[in-house]
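Residue numbers (this note's numbering), protein chains in the order written: chain R, 1 to 186; chain U, 1 to 474. We put the CB at the ideal spot given by N, CA and C, even for glycine.
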């Protein structure tokens, strides 16, 4: 069969080939997952420059470690976001980003133009909640990010973290309760 | 109702709301026994969403190229980094520019845009620097050129930071590249006829250099030993950049004496002297018996006999005054503060480039590099050492005017070289000139006073300082 006529490979097929050091397959996985990884990283670092650096590095690290990947039935992106999590921790250890008055901004149209008050209020609430989410520790943060930011189902989160679905529901309940308690204090 | 059920109810509701099968109100109605708690948990859950960011296609293209390069089997080709920097021979510049123009035409600008995020050694980096050179050649006006050079200095430093974060080897040419951009900015400004715009750009140079210094100080400890050496030299350059900008902001004459960020001894020329102005002959001011030579001061000279306090910097036997205060009181002793660099055979000591005789009776042993305070009477020929501090190559410092205090947040705002800088001082030791401890609440009464911040660091989105000294008001 002409290769151009072949149906696109499924994710598990691409992963299996990538494990065999198939660069084309891994590049296809990159194309599939890069947006999702970027959004995950951006949510956590709030900077496009840092999100780009980290996202780029996630795929390089993933390629180097692909032989260690064990398929659990979860989307491949779940594994990538775990790598991203480690890189983000390293990133914060290495560098703490600061903004100072009068610095020349880069020519990046990063900032969203806010609509008047209502939009500002919504953004403010989201920002407060995001800050609280990023304060969560360990599995609590992982579960919240995997479900709400990465869009994984509870079943997929459970497989990715090697826990039962019941355990994931408990962790989620505790995490949201922590957020509720902190936000009450704000 | 036990927690197990609550957890399941919550998870079910979240899934149903996400899929559109139920609304929040449906869920509350279904589980009234935990209605209040469920409502607030569901409201929080519905606010946790990925941000609506668009992943740029240029980034995806760049990251893919990078990944493909990384995936190539070893040994990988070592890129010719000498292409990377703008310090290129004219023919190479021409080639790079032609490549940039060709790429611009061929790729409709996409590759050029993609190259903007590249780092030294990357395939697209020569395109980036080529376009920068093209930009420079198409920029007219000294201030505009200076601003562009400053922007490029900032880019070079950001590249170094990213290289450290990516554990990449930094080409030592980065030191020269940063220096060239800063020095070119200063050189362009020295030709500017517009004093106001010159000041604005100096203000930006000061802000950028301090900002970048603190950023680099945050990453230097994590760099490899080879990279550390390079990063430390660039930190020194940013420190000098800030010193030059601060001095030149107050005294534009300084620019015409070709200050360079590669000069890491600038700080040793900083001084302050206080005393009665006894005479001005040619360009030498005699302040309380201390001769200050080759004075550059753009304002009106104070009247002879008035008491003056001068601050400034001595470089190559030229004295650039950055601050002048005049008072009517003329009975106070002469005070000099600066850095001791040695004593010559005739017994004259050098304090920040100012030649003075020091009273040996003071019984203080001075080492070159010590910061000293001296005092004496105008009719004495000698000054006596009253204080000595061993000069430590400390982190960044800031001198400015206190303009605002936020006690609740533990921050102050100071004005320095035209910039308003917010600094967290909640963990700082607050003292006055005499070493007396101050409370944060007392700072509110000291607005408008000169303030010196030392041991600055960056954390989160703020600059922090460990020591704050409020200077005396005479």
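For a cut-off of 8 angstroms, the C-beta gap from residue 315(U) to residue 257(U) is around 6 angstroms, short enough to register as a contact. Of 152(U), 378(U), 176(U) and 343(U), the smallest CA-CA separation from residue 290(U) is found for 378(U). Under the three-pair Cβ rule at 8 angstroms, the segment 379-390 of chain U does not count as touching the segment 402-420 of chain U. In the three-state reduction of the DSSP assignment, residue 425(U) falls in the coil class, being assigned neither a helical nor a strand state. By the Cβ rule, the segment 310-327 of chain U counts as touching the segment 235-254 of chain U, because three or more pairs are nearer than 8 angstroms. Residue pairing by DSSP puts residue 399(U) in a beta bridge opposite 452(U).
Contact between residue 62(U) and residue 117(U) holds: their C-beta atoms lie close to 5 angstroms from each other, under 8 angstroms. Restricting attention to 14(R), 87(R), 11(R) and 72(R), the CA atom closest to the CA of residue 40(R) is found in 87(R). In the DSSP secondary-structure assignment, residue 406(U) is bridged to 411(U). Taking the Cβ atoms as the reference, residue 63(R) lies roughly 6 angstroms from residue 71(U), within the contact range of under 8 angstroms. In this structure, the CA atom of residue 66(R) is about 9 angstroms from the CA atom of residue 26(R). Going by DSSP, residue 217(U) is part of no beta strand (DSSP E) but of the alpha helix (DSSP H) stretching over 195-220. With the rule of 3 Cβ pairs closer than 8 angstroms, the segment 50-59 of chain R does not count as touching the segment 9-17 of chain R. Pairing residue 152(R) with residue 146(R), the inter-Cα distance amounts to about 6 angstroms.
Only residues of its own chain outside the window of five on either side were considered, and among them 34 have a CB closer than 7 angstroms to the CB of residue 6(U), listed in chain order. Under a criterion of Cβ atoms nearer than 7 angstroms, the residues of chain R adjacent to residue 59(U) are, in order, 52. Here residue 157(U) has 178, 212, 215, 216, 234 and 238 as same chain residues with Cβ atoms under 8 angstroms from its own Cβ, once five neighbours each way along the sequence are excluded. C-alpha of residue 139(U) to C-alpha of residue 48(R): approximately 28 angstroms in a straight line. Nearest CB-CB separation between residue 170(R) and chain U: below the 8 angstroms threshold. Assigned with DSSP and collapsed to three states, residue 149(U) falls in helix.
The beta carbons of residue 465(U) and residue 425(U) sit closer together than 8 angstroms. In this model, residue 130(R) and residue 267(U) are separated by some 44 angstroms (Cα to Cα). Counting along the chain, the unbroken alpha helix (DSSP H) around residue 12(R) starts and ends at 11-19.
Remark: fewer than three beta-carbon pairs, one from each stretch, lie closer than 8 angstroms, so the segment 394-403 of chain U and the segment 343-357 of chain U are not flagged as touching. Residue 59(U) carries a helical assignment under DSSP once its states are collapsed to helix, strand and coil. Boundaries of the beta strand (DSSP E) around residue 348(U): 348-351. Residue 296(U) carries a strand assignment under DSSP once its states are collapsed to helix, strand and coil. Assignment of residue 341(U) by DSSP, reduced to helix, strand and coil, places it in the strand class.
Proximity of the segment 242-250 of chain U to the segment 191-205 of chain U meets the contact definition, three or more beta-carbon pairs being nearer than 8 angstroms. At a beta-carbon threshold of 7 angstroms, the residues of chain R lying near residue 47(U) are 125, 126 and 129, ordered along the chain.
Proximity of residue 68(U) to chain R, defined by a Cβ-Cβ separation below 8 angstroms, is satisfied. Residue 275(U) sits in a strand when the DSSP states are folded into three classes. Residues of chain U with a Cβ closer than 7 angstroms to the Cβ of residue 55(R) are, in chain order, 63.
Under the three-pair Cβ rule at 8 angstroms, the segment 336-344 of chain U counts as touching the segment 268-276 of chain U. Cβ proximity to chain R below 9 angstroms picks out 147, 150, 151, 154, 155 and 158 from the segment 130-158 of chain U. The C-beta separation of residue 169(U) from residue 226(U) comes to about 7 angstroms, placing the pair in contact by the 8 angstroms criterion.
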